[in-house]
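Peer 1:
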Amino acid sequence: MAMTNAERQRRYRQRLKARASGAALPEQARDAVERAIFALWSFHERPSPQGLSWADIDGCHSLDQYRSDLERNPGNFIQACRAFLPDFAGLTAEEAHAVATIIALADALRLAPPRAMALPRAA
Numbered sequence: 001m002a003m004t005n006a007e008r009q010r011r012y013r014q015r016l017k018a019r020a021s022g023a024a025l026p027e028q029a030r031d032a033v034e035r036a037i038f039a040l041w042s043f044h045e046r047p048s049p050q051g052l053s054w055a056d057i058d059g060c061h062s063l064d065q066y067r068s069d070l071e072r073n074p075g076n077f078i079q080a081c082r083a084f085l086p087d088f089a090g091l092t093a094e095e096a097h098a099v100a101t102i103i104a105l106a107d108a109l110r111l112a113p114p115r116a117m118a119l120p121r122a123a
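Residue 1 is where the sequence shown starts when you use full-length UniProt numbering, and the numbers rise one by one after that.
1) Going by CA-CA distance only, name the one from 58, 55, 104 that's closest to residue 78.
2) Residue 91 and residue 43 look like a contact to me (Cβ under 8 Å); what is the Cβ gap, rounded to whole Å?
3) Here's the rule I'm using: 16 or more other beta-carbon atoms within 10 Å means buried, otherwise exposed. How should residue 95 be labelled?
4) Could you pull the start and end residues of the alpha helix (DSSP H) that residue 43 belongs to?
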């Protein structure tokens with residue numbers, strides 16, 4: 001059943017209120033994590049600088065295996081993201097933004113001061 005314009009506007013206002021109140025923050029963080037995992041996996045699917053397959057190096061042949069590898073230790077995910085500092089070499093602009101968001105979240109959670117990050121420009 002299609003929503004009326006008034007229903008769409010009401011739902012939109014509810015989402016805005018949730019964002020403003022911080023109620024949507026956990027969901028936004030989960031979305032950011034998903035984007036970063038996908039960005040890391042996209043990088044993983046490209047050949048290493050030596051021309052080798054990352055899957056041959058680390059044994060992860062699927063996104064599920066890669067996610068499981070990151071989940072084994074909560075620090076693995078943040079460490080994988082920080083590995084691209086300082087210049088996010090090898091990542092597209094969109095991937096770099098996703099990874100930088102996770103680094104910024106991790107820094108905020110450990111009460112570290114914000115850092116300036118040199119993100120690549122979109123082509």
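Cβ coordinates follow ideal geometry from the N, Cα and C atoms, glycine included.
Peer 2: Here's the rundown:
1) 104
2) 6 Å
3) Counting of Cβ neighbours within 10 angstroms places residue 95 among the buried residues, the total reaching 16 or more.
4) 25-45
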